[in-house]
Amino acid sequence: MKKNQTVFVCQECGYESSKWMGRCICGAWNSMVEEKVLDLDKQDKRRRTSAQGAGSENGELRKAGKPAKLSQVVSGEHERIDTGIGELNRVLGGGLVPGSLTLISGEPGIGKSTIIIQAAAHIAAEKGAVLYVSGEESEEQIKMRADRVCRKLPDSLYILAETNMENIDHVCQQIKPAFLIIDSIQTMYSADIDSAPGSVSQVRVCGNDLMRIGKGYNIPVFIVAHVTKSGELAGPRIVEHMVDCVLSFTGDRSHEMRILRAQKNRFGTTSEIGAFEMAEQGLIEIENLSGTLLEEMDKDSEGAVVTAVYEGTRPLILEVQALTSPTNIGFARRTSIGVENSRLNMILAVLEKKMGLSLINQDVYVNIVGGIRPEGTYTDLAVALAVYSSYSGKVLGSKTVALGEIGLTGDLRAVQNGEKILREAAKLGFERVVLPIKNAERLKKVLQDVNAKRKDGQAAPIKLMGIRNIAEIKKLFGS
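Sequential numbering from 0 applies to the sequence shown in numbering that gives the first Met the number 0.
In structure tokens:
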């Protein structure tokens, strides 16, 4: 490739083209930006540099590695680093893995920097030097936040206001940190690239440099990333492929609850969530998330139904609310928060076909309380019950938990982890669990064990009701 050659790069997907295109192959319009290509001499130098061992001298290349037998490789689970935040450890799969890269994203002001500074202070006190690199805030701003959310700041916590990757690498060689934080990658740049910080080329090159630093020095690296208006990670998706873990921090800034979810995790499950409450002294872990989500539920409310999902390694009890109202315009509205609109439309179609409900002239609103967006089909039955409750004006009651997947035929399909959900419902004091008939048959022995323990604790036995078809839900309301 010739020197000073320019290419056009899509800011959305990273696609490169020799000529400008109004619409990229990914479908984005006017996303192509002109960038200068790195010279061949510089590219060759960068390849040689990335192949060197950490701390090598005189530019000598590291010897080629030898293949090892997989059966003799020692697992690194025992080397995980405790962040001092139980919910963060849960989402990461047990803690930080040395040499791993973790990408955390979220809307501005959601609490990304807060949770990172709390973890950095704990690791600095336990493991040694921690380097916090900020390209957005000054050292004084970070110090003010740290004084507010940390009880004591260890002397081994270092702050560096820098955006040049070569300088950051030099500082890492000097202090040899046990943990590195980059806030944020969109502000970092490499002197070998002429484009501006935050561009596709700069983000790609800086991501490669951070991977080389993390793997070369065997230290965990936390990378903060911006999000677009749609809530997706800004910049090329190649960064998501390079890192080992992608965390998403969500929540409403007008409310205190924050949810941390792993979208990708090479060292743990991707369905785990962590719950926090934003307070004046920082982020506080929510251990009993089910109790928090249900504490404001009224006992006798039309359109309110308790359901359960299984997130990661724990069952979660939450509330589904629905409201039906006669439409005043030509087309009825279908609005949902926490439930996919396509899933809601399918459930409404089944209710109309199998139960005879006339919802064509009804606006339907469905909401998962607390801002939780559960994955899977656990909440299908609860959504149907909530809509029917609001439409008929009948109350199901706050002591009933309903879960199950609804098929197009109206039949209920079994869900997984029913045993753990049943035990969690019994522990929280619920009196009835409604679920598919196949789940109910499998849980008979578990029900006996649960009721035996409730009897010892002088609590009423819990009832298990199996439903075969959606048309049977009327009997739950006494009709």
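For every residue, glycine included, the Cβ atom is placed at its ideal position computed from N, Cα and C.
Sequence-distant partners of residue 390 (beyond 5 residues in either direction) whose C-beta falls short of 8 angstroms from its own C-beta, in its chain, are 323, 356, 358, 361. Here the C-alpha atom of residue 309 lies approximately 12 angstroms from the C-alpha atom of residue 371.
Of the candidates 30, 95, 289, the residue whose Cα lies closest to the Cα of residue 177 is 95. Going by C-alpha positions, residue 439 is about 40 angstroms away from residue 82. When rounded, the separation of the alpha-carbon atoms in residue 396 and residue 292 is 16 angstroms.
At a Cβ-Cβ threshold of 8 angstroms, residue 385 and residue 430 do not count as neighbours.
Counting only runs of 3+ residues, the beta strand (DSSP E) found wholly inside the region 80 to 157 occupies 100 to 105, 129 to 133, in chain order. Linking residue 17 to residue 24 through their CA atoms gives a straight-line distance of about 14 angstroms.
Measuring C-alpha to C-alpha distances from residue 401 to each of 330, 376, 99 identifies 376 as the nearest. The count of Cβ pairs closer than 8 angstroms, one atom from the region 165 to 177 and one from the region 137 to 152, stays below three, leaving the stretches out of contact.
By the CB criterion at 8 angstroms, residue 256 and residue 206 fall outside the cutoff.
Here residue 134 is not near residue 155, since their CB atoms are 8 angstroms or more apart.
In this structure residue 148 touches residue 281 by the C-beta definition: roughly 3 angstroms separates them, less than 8 angstroms. Per the coordinates, the alpha-carbon of residue 26 lies some 30 angstroms from the alpha-carbon of residue 191. Taking the CA atoms as reference points, residue 269 sits about 42 angstroms from residue 329. Within the region 175 to 224, complete alpha helix (DSSP H) segments of at least 4 residues are found at 199 to 216, given in chain order.
Residue 29 is classed as exposed because its beta carbon has fewer than 16 other beta carbons within 10 Å across all chains shown. Between residue 382 and residue 467, the alpha-carbon positions lie close to 16 angstroms from each other. Straight through space, the alpha carbons of residue 266 and residue 67 are spaced by roughly 21 angstroms. Apart from the 5 residues on each side of it in sequence, residue 334 sits with its Cβ closer than 7 angstroms to the Cβ of 364 in its chain, given in chain order.
For residue 232, there is no enclosing alpha helix (DSSP H), since its DSSP letter is neither H nor E. Counting C-beta pairs closer than 8 angstroms gives three or more between the region 209 to 227 and the region 173 to 189, which meets the contact rule.
Rounded to the nearest whole angstrom, the C-alpha separation of residue 32 and residue 201 is 13 angstroms.
8 angstroms or more divides the Cβ of residue 442 from the Cβ of residue 405. Under the three-state reduction of DSSP, residue 31 is assigned to strand. Comparing alpha carbon positions, the residue from 426, 436, 99, 437 closest to residue 448 is 426. Between the C-alpha atoms of residue 474 and residue 464 there is a straight-line separation of about 11 angstroms. Looking only at 84, 228, 116, 124, the smallest Cα-Cα distance to residue 106 is reached by 228. A straight-line Cα-Cα distance of about 8 angstroms links residue 245 and residue 104. Apart from the 5 residues on each side of it in sequence, residue 186 sits with its Cβ closer than 6 angstroms to the Cβ of 134, 135, 162, 196 in its chain, given in chain order.
Counting of Cβ neighbours within 10 angstroms places residue 116 among the buried residues, the total reaching 16 or more.
In the DSSP assignment, the residues bridged to residue 22 are 28.
Residue range 256 to 264 is occupied by the beta strand (DSSP E) that includes residue 257. Comparing C-alpha distances from residue 299 to each of 326, 307, 285, 394 shows the shortest one belongs to 394. Cβ neighbours of residue 118 within its own chain (closer than 7 angstroms, five residues either side excluded): 82, 83, 84, 87.
Distances from the CA of residue 392 to each of 407, 336, 303 were compared; the closest alpha carbon is that of 303.
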